[in-house]
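S.K.:
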Amino acid sequence: MNIIVLIKQVPDTTEIKIDQKTGTLIREGVESIINPDDRHAIELAVSLKQDYGGKARVISMGPPQAIDAISEALGMGIDEGILLTDKNFGGADTWATAYTLGKTIKKVKKYDLIICGRQAIDGDTAQIGPQVAEFLNLPQLTYVTQVEQINEKRIVVQRASEDGYERMESPLPVLITVIGEINKPRHPRVDFLINACKDKANIKIWDAADLGVTVQEIGLSGSLTRVIKTFSPKTKREGEILKGSKQEVVNQLIDRLHERHLV
Ligand SMILES: Cc1cc2nc3c(=O)[nH]c(=O)nc-3n(C[C@H](O)[C@H](O)[C@H](O)COP(=O)(O)OP(=O)(O)OC[C@H]3O[C@@H](n4cnc5c(N)ncnc54)[C@H](O)[C@@H]3O)c2cc1C
12 MNIIVLIKQV
22 PDTTEIKIDQ
32 KTGTLIREGV
42 ESIINPDDRH
52 AIELAVSLKQ
62 DYGGKARVIS
72 MGPPQAIDAI
82 SEALGMGIDE
92 GILLTDKNFG
102 GADTWATAYT
112 LGKTIKKVKK
122 YDLIICGRQA
132 IDGDTAQIGP
142 QVAEFLNLPQ
152 LTYVTQVEQI
162 NEKRIVVQRA
172 SEDGYERMES
182 PLPVLITVIG
192 EINKPRHPRV
202 DFLINACKDK
212 ANIKIWDAAD
222 LGVTVQEIGL
232 SGSLTRVIKT
242 FSPKTKREGE
252 ILKGSKQEVV
262 NQLIDRLHER
272 HLV
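For the sequence shown, our numbering begins at 12 and goes up steadily by one.
1. Alpha carbons only, please: which of Trp106, Leu94 and Lys66 is nearest the one belonging to Gln227?
2. Say yes only if the C-beta of Leu112 is nearer than 7 Å to one or more non-hydrogen atoms of ligand 1, and no if none qualify.
3. Who are the near neighbours of Phe203 in its chain, counting only those whose CB is closer than 8 Å to its CB and skipping five residues on each side?
4. Can you tell me whether Phe100 is buried or exposed, with buried defined as 16 or more other CB within 10 angstroms of its CB?
5. Figure out for me which residue from Asp123, Pro75 and Ile70 has the closest Cα to the Cα of Ser181.
6. Between which two residues does the alpha helix (DSSP H) carrying Tyr110 extend?
7. Can you determine whether any heavy atom of ligand 3 sits closer than 7 Å to the C-beta of Asn194, and answer yes or no?
8. Using only the alpha-carbon positions, how far apart do Glu192 and Ser172 sit?
9. How many angstroms separate the CA atom of Gln31 from the CA atom of Ala219?
10. Can you pull the DSSP bridge partners for Gln20?
11. Measure how close the beta-carbons of Val158 and Leu186 come, nearest whole angstrom, since I'm counting them as under 8 Å.
12. Report the three-state DSSP secondary structure of Glu259 (helix, strand or coil).
13. Less than 7 Å between the CB of Arg237 and some heavy atom of ligand 1, yes or no?
14. Which residues in the same chain as Val57 place their Cβ atom closer than 8 Å to its Cβ, once the five residues preceding and following it in sequence are excluded?
15. Are the region 41-58 and the region 74-82 touching by the rule of at least three beta carbon pairs closer than 8 Å?
16. Quick one, which of Gln20, Met12 and Pro74 has its alpha-carbon nearest Leu55's?
17. Measure the beta-carbon distance from Ile126 to Val16 and round it to whole angstroms, keeping in mind my assumption that it falls under 8 Å.
18. Checking 8 Å against the spacing of the C-beta atoms, do Ile18 and Leu59 come in under that value?
19. Count the other CB atoms within 10 Å of the CB of Leu264; is the residue buried (16 or more) or exposed (fewer)?
20. Helix or strand or just coil, what does DSSP make of Lys66?
21. Drop a sphere of 10 angstroms on the beta-carbon of Thr96, count the other beta-carbons inside from all chains shown, and report buried for 16 or more, exposed for fewer.
22. Looking at Leu112: is its Cβ nearer than 8 Å to the Cβ of Ile53?
23. If you run the structure through DSSP and keep just helix, strand and coil, what is Ile229?
24. Sorry if obvious, but does the Cβ on Asn46 come closer than 7 Å to a heavy atom of ligand 1?
25. Is Ile187 near ligand 1, in the sense that its beta carbon is under 7 Å from a heavy atom of that ligand?
26. Name the DSSP bridge partner or partners of Tyr176?
27. Going by beta carbon distance, what residues of the same chain come within less than 6 Å of Val167, once the five residues before and after it are set aside?
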């Protein structure tokens with residue numbers, strides 16, 4: 012089975028700071044990690060490979076330092092990595108990101124299963140998986156919590172829905188997005204990690220020319236959306252201390268809740 016995992020290197024924080032002038036993320040001084048959901052995607056790929064054989068690759072689009080995320084994935088047991096790095100990929104919205112990742116997958120050609128995290132903790136859109144599936148004209152199963160069965164033709168998964176869980180089946184090839192409850196990611200093996208960091212033979216580095224895409228199709232130029240302004244919402248809280256006996260305070264509180272149509 013040929014498995015591709017899409018991984019994103021993200022800042023190790025959920026408090027994203029934005030440069031107000033450029034509208035881009037401020038990454039200085041923040042450690043980078045593999046996006047948490049993507050670690051679960053890697054774990055799934057490695058365990059499926061162990062159970063059914065085949066090859067597992069990771070693909071990541073990002074700055075040159077995203078090679079660290081790929082090396083860590085190799086440390087966890089992934090066979091090969093592709094780093095997409097080119098200044099022209101910069102400023103990509105989800106459309107341009109999915110387009111670039113989709114083009115890469117088409118170039119790789121061999122895939123039965125594509126695994127993404129559900130959501131990146133910085134961009135937070137949860138759009139990339141579904142957009143890549145659309146680009147490749149593949150079926151997609153999102154919010155997967157368990158792979159119940161898989162063979163060379165079909166997959167049966169359990170996925171989380173708003174009301175509980177659903178069991179779904181799809182033919183292969185398919186793209187799935189996974190959430191944290193699917194598994195517990197393993198730690199990288201030190202020997203694998205040292206090999207990955209020392210010998211980069213299993214990591215390919217591709218730019219726009221390698222994908223055969225023009226500058227107009229990718230990055231900021233290929234993006235359909237533009238960030239006009241970014242800002243944090245202003246939160247204004249008014250405090251009020253209710254006075255009186257316990258019963259009076261409770262009655263006042265209930266009145267306030269009724270006034271605001273909260274009960
Ligand atoms: C106009 C505009 C400009 C932007 N400029 C920048 C910028 O300059 N720098 C910047 O960092 N972001 C920028 N962004 C954000 C960028 O578009 C998103 O980070 C990116 O498209 C991925 O979306 P997401 O983070 O919401 O991923 P999600 O859709 O939440 O991610 C879901 C899954 O998709 C996969 N995935 C996501 N991104 C990648 C990737 N890059 N490589 C491999 N797999 C991936 C992972 O499996 C991940 O778990 C910009 C966005 C817009 C709209």
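Virtual Cβ for every residue (Gly too), placed ideally from N, Cα, C.
This one's a predicted model, so the numbers in the text were calculated from it and none came from an experiment.
M.R.: Taking the coordinates as given:
1. Trp106
2. yes
3. Leu85, Gly86, Met87 and Gly88
4. Its Cβ being crowded by 16 or more others within 10 Å, Phe100 is buried.
5. Asp123
6. Unbroken alpha helix (DSSP H) run through Tyr110: Thr105 to Val119.
7. What this structure holds is ligand 1, not ligand 3.
8. 13 Å
9. The C-alpha of Gln31 lies about 28 Å from the C-alpha of Ala219.
10. Ile45
11. Actually they do not touch by this definition, with Cβ atoms about 13 Å apart.
12. helix
13. yes
14. Ala67, Met87, Gly88, Ile89 and Arg197
15. Between the region 41-58 and the region 74-82, the count of Cβ pairs shorter than 8 Å is three or higher; the stretches touch.
16. Met12
17. 5 Å
18. no
19. exposed
20. Under the three-state reduction of DSSP, Lys66 is assigned to strand.
21. buried
22. Judged by their CB atoms, Leu112 and Ile53 are not nearer to each other than the 8 Å cut-off.
23. coil
24. yes
25. no
26. Ala171
27. Glu159, Gln160 and Glu180
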